[in-house]
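Undergrad: Attaching a single structure in structure tokens format; questions to follow.
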Amino acid sequence: MKTFKKTITEALILGGIGLIVALGVNATRDSGSVKLTKNYFAKRPVAPGAQTTPFGTDLRQPELDPPAAPTSETGSALEHSYQAVTFEQAAAIFNDPNTEMGVNVFIDARNDDAYKEGHIPDALQAYHYEIERYIDNVMLYAEGAEKVVIYCNGGNCEDSIFVSNDLLEAGISYDSLYLFEEGWKAWTANNMPVETGRIEEADGE
Amino acid sequence: MRQSLIQRFDGSTVPVPLIVRLFLGGYFISTGITKVQDPFAFMKGIRLYEMLPESPAFLLNGTAVVLPWLEILCGAALVLGLFRRGAGMLMALMLCVFTPAILLRALAIVQEEGISFFDVKFDCGCGTGPETTWVKLLKNTGLFLMATFMALSHYRRWSLAGLFVPAEPRPVYCDRCGKTVVVAIGDVCEACDAKAETPGPSPSAAT
């Protein structure tokens with residue numbers, strides 16, 4: 168019994184030290200600091216006039232073929248109210264000469280390591296959980312863009328939805344936001360061009 | 026019976042408790058560091074289990090911040106040999122929560138995707154990347170047994186506690202001489218060589 172009490176005491180001491188160290192490091196670290204009271208997974212209200220389906224809508228862009236309802240084939244069953252693009256549509260936007268001129272923008276919603284390892288060429292990074300680090304740079308390019316295509320890993324990855332919410336909140340038009348749900352997995356599986364490394368600060372143009 | 030098994034390990038000529046202590050400690054430090062490096066990935070991992078509500082947010086966020094450091098701290102405690110039993114107990118508790126959660130998530134995936142349980146593979150947020158679930162469950166069971174052993178073991182050799190904190194006399198079975206002896210410090214078999222066999226626990230026989 169004495170040993171048991173001692174063990175419990177040890178566990179409590181370790182727990183207390185762990186709590187102090189964890190909160191201390193979290194409060195002082197430059198990147199990866201979690202805001203304890205922020206709900207990172209908050210659902211956004213549907214944009215006015217948006218037609219909500221479990222798989223998004225594509226009713227505003229007649230030049231794009233209607234997206235296939237993502238099923239087990241695409242591995243996605245995400246719930247959101249944004250317009251969705253299939254891999255073919257994303258590839259068409261990528262190959263559109265306007266994209267190179269900055270009319271269309273790709274946004275990578277994955278974390279720093281994943282982005283550095285490889286991303287769609289010229290895609291900007293916007294990691295939802297530290298969005299304040301990226302939003303100014305992203306807004307320089309996304310504001311006024313005709314199509315802002317947001318992607319993450321694909322499958323059940325929700326980060327592209329959260330980044331879409333962030334961009335909507337920052338003032339990007341709902342009509343210009345497109346979710347590429349199949350995301351990075353589909354992009355690489357189809358041997359599309361990949362860029363590695365980090366795109367540094369925006370040049371402001 | 027359990028006491029006897031722990032005593033046998035503690036008194037074994039192969040330093041089983043030391044090996045377990047270093048392995049378990051190193052493992053927890055390694056997985057803890059992975060989680061600390063990307064707390065958001067860990068937070069997303071925890072969220073998938075739907076065990077914590079998203080509101081109030083501090084429950085989920087706080088867990089994602091504190092748990093990895095607790096793992097690192099417990100791991101370091103084992104490696105250093107300080108608060109070993111408390112660290113073992115915390116590790117066992119953590120595994121008691123994680124392992125059934127992984128099992129339930131795997132069963133949910135089986136139901137959702139209609140695949141065999143043995144084909145289920147996902148990133149459990151454990152800091153080890155995507156893993157085949159049944160292998161992960163086996164590993165966790167092994168880790169749980171090791172953590173429980175640490176919580177019960179009295180082996181103090183090569184530990185800071187052994188250097189600085191005087192031990193209390195206890196009866197230990199010595200593998201080498203096949204006797205139960207009452208010892209107060211570290212190596213059981215040294216005590217076995219030095220002292221006569223005692224029939225049972227007796228503080229007076231302690232040195």
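Line by line, the protein sequences give chains R and D.
Residue 239 in the working numbering is what sits at position 72 of the first sequence, and the numbering runs on without skipping anything.
Residue 215 in the working numbering is what sits at position 190 of the second sequence, and the numbering runs on without skipping anything.
Glycine included, C-beta positions come from ideal geometry on N, C-alpha and C.
Hey, quick one: how far does the beta strand (DSSP E) through Ile-317(R) stretch, first residue to last?
TA: The residue given as residue 317(R) occupies position 150 in the first sequence. Run containing Ile-317(R): 314-318, per the beta strand (DSSP E) assignment.
Undergrad: Determine, for Phe-65(D), whether the minimum Cβ-Cβ distance to residues of chain R falls below 7 Å.
TA: Translated into the one-based positions of the second sequence, residue 65(D) becomes position 40. Output row for Phe-65(D): interface = yes.
Undergrad: Extract the residue ranges of the alpha helix (DSSP H) inside the segment 30-90 of chain D, only unbroken runs of 4 or more that lie entirely within it.
TA: 41-62, 64-73
Undergrad: For chain R, find out if any of its Cβ atoms is closer than 7 Å to the Cβ of Gly-111(D); answer yes or no.
TA: If you number the second sequence from 1, residue 111(D) lands on position 86. It does; some Cβ of chain R falls within 7 Å.
Undergrad: With 16 as the cutoff for other CB atoms within 10 Å, does Glu-362(R) come out buried or exposed?
TA: Working through the first sequence from its first residue, we reach residue 362(R) at position 195. It counts as exposed.
Undergrad: Could you give the first and the last residue of the continuous alpha helix (DSSP H) run that contains Ala-309(R)?
TA: The residue labelled residue 309(R) in the question sits at position 142 within the first sequence. It spans 298-309 - the alpha helix (DSSP H) in which Ala-309(R) sits, taken as one unbroken run.
Undergrad: What is the DSSP secondary structure of Asn-265(R), reduced to helix, strand or coil?
TA: As a first step, residue 265(R) is located in the first sequence; it is residue number 98 there, counting from the start. Here Asn-265(R) sits in helix by DSSP.
Undergrad: Does Cys-16(D) come out as helix, strand or coil in the three-state DSSP assignment?
TA: Examination of residue 16(D) is not possible in this model, given that chain D is present from 26 through 232 alone.
Undergrad: Can you give me, in chain order, the residues of the segment 177-198 of chain R that have a beta carbon less than 8 Å from any beta carbon in chain B?
TA: No chain B is present in this structure, whose protein chains are R and D.
Undergrad: Pick from Ala-186(D), Ile-140(D), Met-175(D), Arg-72(D): whose alpha carbon is nearest that of Ala-126(D)?
TA: Counting from 1 along the second sequence, the entry for residue 126(D) is found at position 101. It is Arg-72(D) whose Cα lies nearest to the Cα of Ala-126(D).
Undergrad: According to DSSP, is Thr-363(R) helix, strand or coil?
TA: Counted from its first residue, the first sequence places residue 363(R) at position 196. In this structure, Thr-363(R) counts as coil in the three-state DSSP scheme.
Undergrad: When the Cα atoms are used, what is the spatial distance from Phe-143(D) to Ala-309(R)?
TA: Here residue 143(D) refers to the residue found at position 118 when the second sequence is read from its first residue. Here residue 309(R) refers to the residue found at position 142 when the first sequence is read from its first residue. Cα-Cα distance, rounded: 45 Å.
Undergrad: Shortest alpha-carbon distance to Asp-289(R) belongs to which of Tyr-301(R), Ser-248(R), Phe-273(R)?
TA: Reading the first sequence from its first residue, position 122 is the one you call residue 289(R). Closest option to Asp-289(R), Cα to Cα, is Phe-273(R).
Undergrad: Give a yes or no on whether the minimum CB-CB distance between Ser-80(D) and chain R is below 7 Å.
TA: Counting from 1 along the second sequence, the entry for residue 80(D) is found at position 55. Cβ-Cβ to chain R under 7 Å: yes for Ser-80(D).
Undergrad: To the nearest angstrom, how far is it from the Cα of Gln-250(R) to the Cα of Leu-346(R)?
TA: Here residue 250(R) is taken as the residue at index 83 of the first sequence, counted from 1. Here residue 346(R) is taken as the residue at index 179 of the first sequence, counted from 1. Approximately 6 Å between the Cα atoms of the pair.
Undergrad: Chain R partners of Ala-176(D), CB-CB under 8 Å?
TA: Mapped onto the second sequence, residue 176(D) falls at position 151. Result: Thr-174.
Undergrad: Which class does Val-122(D) belong to by DSSP, given the choice of helix, strand or coil?
TA: Along the second sequence, one-based indexing puts residue 122(D) at 97. Helix, per DSSP.
Undergrad: Considering Cα atoms alone, identify which of Leu-170(D), Tyr-74(D), Phe-174(D) is closest to Leu-129(D).
TA: Position 104 of the second sequence holds residue 129(D). Cα-wise, what sits closest to Leu-129(D) is Tyr-74(D).
Undergrad: Indicate whether Leu-120(D) and Phe-189(D) have their beta-carbon atoms separated by less than 7 Å.
TA: The sequence position of residue 120(D) within the second sequence is 95, counting from 1. The sequence position of residue 189(D) within the second sequence is 164, counting from 1. Not a contact, by the Cβ cut-off of 7 Å.
Undergrad: Using CA coordinates, which residue listed in Gly-338(R), Asp-326(R), Met-359(R) is at the minimum distance from Ala-209(R)?
TA: In the first sequence, residue 209(R) corresponds to position 42, counting from 1. In terms of Cα proximity to Ala-209(R), the closest of Gly-338(R), Asp-326(R), Met-359(R) is Asp-326(R).
Undergrad: I want to see whether chain R comes within less than 7 Å of Lys-114(D), judged by CB atoms only; does it?
TA: The residue you call residue 114(D) lines up with position 89 of the second sequence. Before going further, note that residue 114(D) is Met rather than Lys in the sequence given. True, the Cβ-Cβ gap to chain R drops below 7 Å.
Undergrad: Quick one: is Asn-86(D) buried, meaning 16 or more other Cβ sit within 10 Å of its Cβ, or exposed?
TA: As a first step, residue 86(D) must be located in the second sequence, where it is residue number 61. By the beta-carbon neighbour count (other beta carbons within 10 angstroms, threshold 16), Asn-86(D) is buried.
Undergrad: Say whether chain D places a C-beta atom closer than 7 Å to the C-beta of Val-201(R).
TA: Counted from its first residue, the first sequence places residue 201(R) at position 34. Chain D, which has a Cβ nearer than 7 Å to the Cβ of Val-201(R), makes this yes.
Undergrad: According to the neighbour-count rule (16 or more other Cβ atoms, all chains shown, within 10 Å of its Cβ), is Asn-358(R) buried or exposed?
TA: Looking up residue 358(R) in the first sequence gives position 191. Looking at its Cβ environment, which holds fewer than 16 other Cβ atoms inside 10 Å, Asn-358(R) is exposed.
Undergrad: Please report whether the beta-carbon of Asn-304(R) lies at a distance below 7 Å from any beta-carbon of chain D.
TA: Against the first sequence, residue 304(R) aligns to sequence position 137. No - not a single Cβ of chain D is within 7 Å of the one on Asn-304(R).
Undergrad: Would you please verify whether the beta carbon of Phe-169(D) is less than 7 Å from any beta carbon of chain R?
TA: Position 144 of the second sequence, counted from the start, is the residue given in the question as residue 169(D). Residue-level contact by beta carbon fails for Phe-169(D) and chain R, as no gap is shorter than 7 Å.
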